[in-house]
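Encoded as structure tokens, the structure appears first; notes follow it.
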Amino acid sequence: MYTAPPRRRIRFSLTLLTLISAFTTVTLLGNPHDARADSTLGPSGPLRVVVISDLNERYGDQFYRKEVHTAVWRIRALKPHLIVITGDMVAGQRAGLDYEGMWDAFDEAIRGPLADIPILVTPGNHDASEYSAYEAERDIYRQRWDNWPSPADFEGVEILPGGDYPFHYAARVGPAVFVSLDATARGALDSEQRQ
7 MYTAPPRRRI RFSLTLLTLI SAFTTVTLLG NPHDARADST LGPSGPLRVV
57 VISDLNERYG DQFYRKEVHT AVWRIRALKP HLIVITGDMV AGQRAGLDYE
107 GMWDAFDEAI RGPLADIPIL VTPGNHDASE YSAYEAERDI YRQRWDNWPS
157 PADFEGVEIL PGGDYPFHYA ARVGPAVFVS LDATARGALD SEQRQ
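Numbering (my numbering), first residue to last: 7 to 201.
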């Protein structure tokens with residue numbers, strides 16, 4: 007159940023702009039109301055992809071704004087073949103936060119309602135920072151995605167060998183290949199990711 011936050015924040019505008027951009031991209035690529043629009047990848051028509059990012063609130067928050075809930079239901083109406091989440095799903099990267107509670111809120115608000123659509127994820131610094139101080143949070147991120155149905159469980163989606171899902175990996179979705187890089191630490195990517 008959605009609980010209104012104590013005050014609105016300007017930062018949400020960036021998230022909403024990202025969601026609107028993703029919806030615009032999907033709309034340009036194909037008609038979401040086409041009779042062929044379903045959650046299976048078919049051989050005909052364009053690949054419909056929704057990209058979302060930065061859904062998190064203030065550090066430690068375990069709720070998502072009404073606009074995020076509305077966006078989730080709009081995504082369902084678009085019937086994309088794939089959702090790509092490019093990080094900052096929860097509001098971590100501080101000691102003493104309830105990471106399990108934040109991921110529970112994410113599951114309830116976002117992942118649960120979108121469970122019938124394959125999701126490719128890339129960690130954000132607030133989800134699974136590569137810095138050693140956040141190793142426990144990184145473990146929770148891996149556990150949460152490893153215990154959720156894999157995108158490869160969906161017809162037409164393949165996690166390619168040689169990566170480390172859900173951190174850095176490549177996935178083939180129909181005719182397209184998506185690459186996730188773990189850029190949650192400063193500096194150059196490690197040699198494993200550069201391959």
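Even glycine gets a Cβ: it sits at the ideal position worked out from N, Cα and C.
- In terms of Cβ geometry, R144 and E164 do not form a close pair [threshold 8 Å].
- Annotation: F112 is outside any beta strand (DSSP E); the continuous alpha helix (DSSP H) that includes it extends over 105 to 112.
- With a cutoff of 8 Å on beta-carbon distance, V78 and P52 are scored as not near each other.
- P155 sits exposed, since fewer than 16 C-beta atoms from the chains shown fall within 10 Å of its C-beta.
- In the three-state reduction of the DSSP assignment, E164 falls in the strand class, which pools E and B.
- Apart from sequence neighbours up to five positions away, the residues of its chain that approach R150 with a beta-carbon distance below 7 Å are W109, ordered along the chain.
- Annotation: A121 is outside any beta strand (DSSP E) and is labelled neither H nor E by DSSP.
- The distance from the Cβ of D133 to that of V74 is about 16 Å, inconsistent with a contact at the 8 Å cut-off.
- Between V55 and I91, the C-beta gap is not smaller than 8 Å, which leaves the two residues out of contact.
- In this structure, DSSP gives H75 a helical state, which the three-state scheme calls helix.
- Excluding residues up to 5 positions away in sequence, L166, A176, A177 lie with their Cβ nearer than 8 Å to the Cβ of V183 in the same chain.
- Within 10 angstroms of the beta-carbon of R64 lie fewer than 16 other beta-carbons, which makes it exposed.
- Contact check for I116 and P86: beta-carbon distance about 14 Å, past the 8 Å limit, so the pair fails to qualify.
- Contact between D67 and D94 does not hold, since the beta-carbon distance rounds to 12 Å and is not under 8 Å.
- Boundaries of the beta strand (DSSP E) harbouring R178: 175 to 179, taken from the DSSP string.
- Going by DSSP, A182 is part of the beta strand (DSSP E) stretching over 182 to 186.
- Excluding its 5 nearest sequence neighbours in each direction, F112 has C-beta neighbours in its own chain below 7 Å: M95, V96, listed in chain order.
- Residue range 88 to 91 is occupied by the beta strand (DSSP E) that includes L88.
- The beta-bridge partner set that DSSP reports for I58 consists of I91.
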